[in-house]
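In this note's numbering, the protein residues as written are 258 to 726. These notes concern the structure reproduced below.
Structure, rendered in structure tokens:
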């Protein structure tokens with residue numbers, strides 16, 4: 258679970274006589290806010306400011322605490338200059354938090370400080386909270402804290418790209434320099450041959466536990482007409498074990514694998530590798546939860562980065578890469594991946610058996626080297642779809658929220674039946690989507706994370722385009 262580390266700086270009156278009249282309100286509001294924030298965040302620093310000396314003290318404390326975000330709390334009126342100076346000296350995103358009590362003058366203090374921040378060109382978010390039960394305000398605070406945390410912790414991460422551009426898809430490629438400038442993320446290029454060479458070193462004793470587990474726990478292995486299917490499955494397992502080793506050796510945070518056509522024709526299809534990396538467990542050790550490792554098909558750079566953002570902003574949930582296929586007769590957006598998605602999406606269970614028990618391993622439909630794809634329908638539930646897109650050299654993010662649904666029997670289009678597929682239901686203008694969306698891939702995570710993604714884009718200085726509400 259990714260828990261934001263926050264600094265809470267509470268601003269007080271500089272006039273001692275006025276402060277004494279409101280001291281009890283000041284302490285009451287601090288207690289309420291700190292108690293509520295501690296439920297979902299780590300309050301790594303808390304300071305009180307009412308003078309220039311205490312501004313300096315707070316800045317030193319925040320810098321020493323390695324926080325992701327600072328909440329500049331105005332329990333009562335405070336001189337705006339103190340807030341503005343503090344915000345200017347901090348190197349983390351800031352949120353102004355006020356209360357609605359009429360006797361505190363908190364909102365006036367927030368507006369005075371916020372207006373000054375606007376004049377100085379210092380970005381910030383403002384929230385007025387009516388107490389611990391104000392769910393909308395608390396959600397806004399939580400969204401901003403999660404967005405700021407992702408932005409902070411994304412910087413310095415390393416994306417491992419195994420192979421180059423796949424199938425001539427322009428939107429899977431990205432500029433290293435642009436990534437460093439916008440996101441602070443490095444791109445490490447590795448040859449796909451490294452996966453094959455490392456896989457060929459994996460002894461049978463490391464493969465057998467996976468082979469046995471799949472034989473006993475997947476819904477079905479359709480091997481009819483597949484010569485030497487067991488050897489192909491072993492090569493897929495070896496690819497997964499090898500990729501995990503390479504990720505660790507090269508200190509990679511998330512990855513993409515080209516697959517087609519070098520590995521899919523010359524060694525084995527990488528679908529099972531991608532599915533297992535994105536899962537929150539290892540089939541050979543299913544009782545031990547692990548953090549999903551984002552892996553994008555077709556070495557999709559912006560796809561992998563979007564998935565990593567979704568994983569982090571959702572608290573560590575599995576994510577997936579899907580192709581936008583078509584609009585169904587029922588008005589659903591039909592999504593599919595041509596072979597791989599985390600088994601987690603089959604049942605949304607924390608138990609590997611529950612999820613893989615709904616997955617059928619299907620013979621490959623492309624590639625000469627053999628191997629299996631994963632076939633199932635995504636489990637129902639509220640989801641966020643998103644994608645980092647580029648236009649004229651600038652990034653923007655497409656965002657949608659809606660529900661995955663199970664279609665009636667017979668409604669599954671034949672073009673997606675061999676693969677993992679999902680049916681997205683939302684108030685969606687398909688003409689707008691076809692006209693403006695910037696890729697053929699889109700990415701899925703359970704839950705409604707629109708607010709946090711919008712805050713993330715604002716912090717980055719890129720456009721967020723929400724297609725649904």
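The C-beta atom is built at its ideal place from N, Cα and C for all residues, glycine as well. Since the model is a prediction, treat every value here as computed from it, not as a measurement.
Review point. Can at least three beta-carbon pairs, one atom from the region 590-605 and one from the region 443-460, be found at a separation below 8 Å?
Key: no
Practice item. Within the region 557-607, note down every full beta strand (DSSP E) run reaching 3 residues or more, in order along the chain. Key: 577-584, 590-593
**Study point:** Inter-residue Cα distance where the pair is residue 406 and residue 648
**Key:** 26 Å
Check your understanding: Do three or more CB pairs link the region 458-471 to the region 422-433 at distances below 8 Å?
Key -> no
Review point. Relative to the ligand ADP, is the shortest distance from any of its heavy atoms to the C-beta of residue 419 smaller than 7 Å?
Key: For the ligand ADP, the structure offers nothing, since it holds no ligand at all.
Review point. Are residue 397 and residue 704 closer than 8 Å when you measure CB to CB?
Key: no
Point to revise | residue 270 classed as buried or exposed, judged by whether at least 16 other C-beta atoms fall within 10 angstroms | key: buried
Practice item. Please report the residue range of the beta strand (DSSP E) in which residue 655 lies. Key: 651-661
Review point. Mapping DSSP to helix, strand and coil, what is residue 699?
Key: strand
**Study point:** Boundaries of the beta strand (DSSP E) in which residue 445 is found, first to last residue
**Key:** 443-447
Practice item. Confirm, please, whether the CB-CB distance from residue 634 to residue 678 is below 8 Å. Key: yes
**Study point:** Residue interval of the beta strand (DSSP E) (run including residue 542)
**Key:** 542-546
Review point. Around the C-beta of residue 539, are 16 or more other C-beta atoms found within 10 angstroms, so that it is buried, or is it exposed?
Key: buried
Exercise for review: Give me the Cα-Cα distance between residue 594 and residue 478, rounded to the nearest whole angstrom.
Suggested key: 19 Å
**Study point:** Check whether residue 717 and residue 439 have beta carbons under 8 Å apart
**Key:** yes
Exercise for review: Could you tell me whether the Cβ atoms of residue 514 and residue 456 are closer together than 8 Å?
Suggested key: no
Point to revise | Residue burial classification, residue 547 (beta-carbon count within 10 angstroms, cutoff 16) | key: exposed
**Study point:** Of the listed residues 570, 613, 590, nearest to residue 664 (C-alpha basis)
**Key:** 590
Check your understanding: How many Å lie between residue 656 and residue 408 at the Cα?
Key -> 17 Å
Check your understanding: Given that a residue counts as buried once 16 or more other Cβ atoms are within 10 Å of its Cβ, and exposed if not, what is residue 622?
Key -> exposed
**Study point:** Bounding residues of the beta strand (DSSP E) (the contiguous stretch that carries residue 493)
**Key:** No beta strand (DSSP E) contains residue 493, which is instead part of the alpha helix (DSSP H) from 486-506.
Practice item. List the endpoints of the continuous beta strand (DSSP E) containing residue 224. Key: What is shown of the chain runs 258 to 726, which leaves residue 224 out entirely.
Point to revise | Beta-carbon contacts of residue 502 that lie in its chain and below 8 Å, excluding the five residues immediately before and after | key: 455
Check your understanding: Exposed or buried, what is residue 419 when buried is set at 16 or more other beta-carbons lying within 10 Å of its beta-carbon?
Key -> buried
**Study point:** Residue closest to residue 471, alpha-carbon to alpha-carbon, out of 542, 425, 423
**Key:** 542
Review point. In three-state DSSP terms, what is residue 267?
Key: strand
Review point. What are the start and end residues of the alpha helix (DSSP H) that includes residue 437?
Key: 433-439
Exercise for review: Go through its chain and collect everything with a Cβ distance to residue 366's Cβ below 6 Å, but skip five positions before and after it.
Suggested key: 331, 334, 335
Check your understanding: Is it the case that the Cβ atoms of residue 534 and residue 626 are separated by a distance below 8 Å?
Key -> no
Check your understanding: Is the beta carbon of residue 233 less than 8 Å from the beta carbon of residue 636?
Key -> Only positions 258 to 726 of the chain appear in the structure, and residue 233 is not among them; the question remains open.
Review point. Which residue spans inside the region 371-420 form an unbroken alpha helix (DSSP H) run of at least 4?
Key: 392-411
Practice item. Name the one or two DSSP bridge partners that residue 620 has. Key: 629
Exercise for review: Just tell me which of 639, 487, 651, 461 has its CA closest to the CA of residue 619.
Suggested key: 487
Review point. By how many angstroms is the C-alpha of residue 370 removed from the C-alpha of residue 338?
Key: 7 Å
Review point. By a C-beta neighbour count over all protein chains shown, 10 Å radius and 16 as the cutoff for buried, is residue 599 buried or exposed?
Key: buried
Practice item. Please list, in chain order, all residues of the same chain as residue 307 whose beta carbon is under 8 Å from its beta carbon, the five residues on each side excluded. Key: 268, 269, 270, 271, 276, 335, 339
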